[in-house]
Each structure stands twice: as structure tokens, then as C-alpha cells.
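Encoded as C-alpha cells, the structure appears first; notes follow it.
Residue numbers (the numbering used here): 74 to 228.
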């Protein structure tokens, strides 16, 4: 296999892993939405599920409504994050996703460069008590399969 073939194959695998992380985010959102549906009013449930999911992945809302919700409902978001400490399946899949993302970022950095934010999402997950320290860094193929199974079980 030539150099360009290897590089293309590797880029394709990284893209599939990135897509799998998005699938996991969507699966987490769906699980939280279902859970919050029974607890909160319509509208609040979706915004809260999105805010909690974003928080676990150290991401920010892209909408004005989401940003306002996050600013005005910080205590509720923190409360729901705390309650997720008993959700082993969610903790495991998110830990695996963030750890494989760190590995990909590390492996794709050019020589002499360093991403100072590389470990921050996982460190934040740990500080929230939501990191599964025993979660493996699976092979790309196993991770893609894990993501698909998690999403299917979230619907």
C-alpha cells in the first residue's frame, strides 16, 4: 500500500470516528430528553438535554436560545450533571469518546506542535465525577460499533 493510500485510509477512519462521536452525542441527548420529558415541561426538557450533553462534551451551544438557557439555568444543569454519576453506560461511552478524540488529535498533530487544550474535555469530565477511568480506548472499528449500538439503544 502506498503512502497516499495509507494517509487517505487514515483520514477516512478519523472521519468515521468523528461521525461516531456525533452519533454518541445524539444518543446521549435522546436518552436525556426521554428522562427529562417526565420531569420537566415541554421545551425545558429539550433545552436541558442539549445543555447537559454539551457540558459533558465541553461544547457550547451554537444558538442564542441555548446560550441564554445555559446562562440562566446553570444550577439546574449542574444538578442534572451530578445525577448522571450513576449512569454507568453514559459515563463509559462518553469517556471512550473523549479519550479516542484525544488520541486522534495527538496522532494528527504535526511534529513540533502541541494542542494545549487536548485533555481539557476529559479533565472536565473527571472533575464532574463523570469520567469512567476504566473505559478503554477502543480500536477505531470497535469504537464505531460501540457508537452505533449506543445510538440504537437510545432511540
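Using N, Cα and C, we set each Cβ at its ideal position, and we do this for glycine too.
Would residue i be called buried (16 or more neighbouring beta carbons within 10 Å of its own) or exposed?
i           : result
residue 85  : exposed
residue 116 : exposed
residue 137 : exposed
residue 173 : buried
residue 75  : For residue 75, the pLDDT reaches just 47, beneath the cut-off of 50, and the residue's location in the model is therefore unreliable, leaving the point undetermined.
residue 126 : buried
residue 156 : exposed
residue 107 : exposed
residue 164 : buried
Smallest Cα separation from residue i: which of the options?
i           : options            : result
residue 152 : 208, 202, 96, 212  : 202
residue 210 : 221, 196, 142, 175 : 175
residue 102 : 215, 129, 222      : 129
residue 206 : 158, 119, 154, 180 : 158
residue 225 : 87, 93, 160        : 93
Measuring CB to CB, does residue i end up less than 8 Å from residue j?
i           : j           : result
residue 105 : residue 149 : no
residue 219 : residue 166 : yes
residue 97  : residue 204 : no
residue 143 : residue 134 : yes
residue 131 : residue 194 : yes
residue 124 : residue 146 : yes
residue 95  : residue 109 : no
Would you mind giving the Cβ-Cβ distance between residue i and residue j, rounded to the nearest angstrom? I have them listed as a contact below 8 Å.
i           : j           : result
residue 100 : residue 227 : 4 Å
residue 178 : residue 90  : Wrong, their Cβ atoms sit about 11 Å apart, outside the cutoff.
- Unbroken alpha helix (DSSP H) runs of length 4 or more, entirely within the region 93-135: which are they? 117-129
- Ranges of the beta strand (DSSP E) found wholly within the region 148-176, counting only runs of at least 3: none
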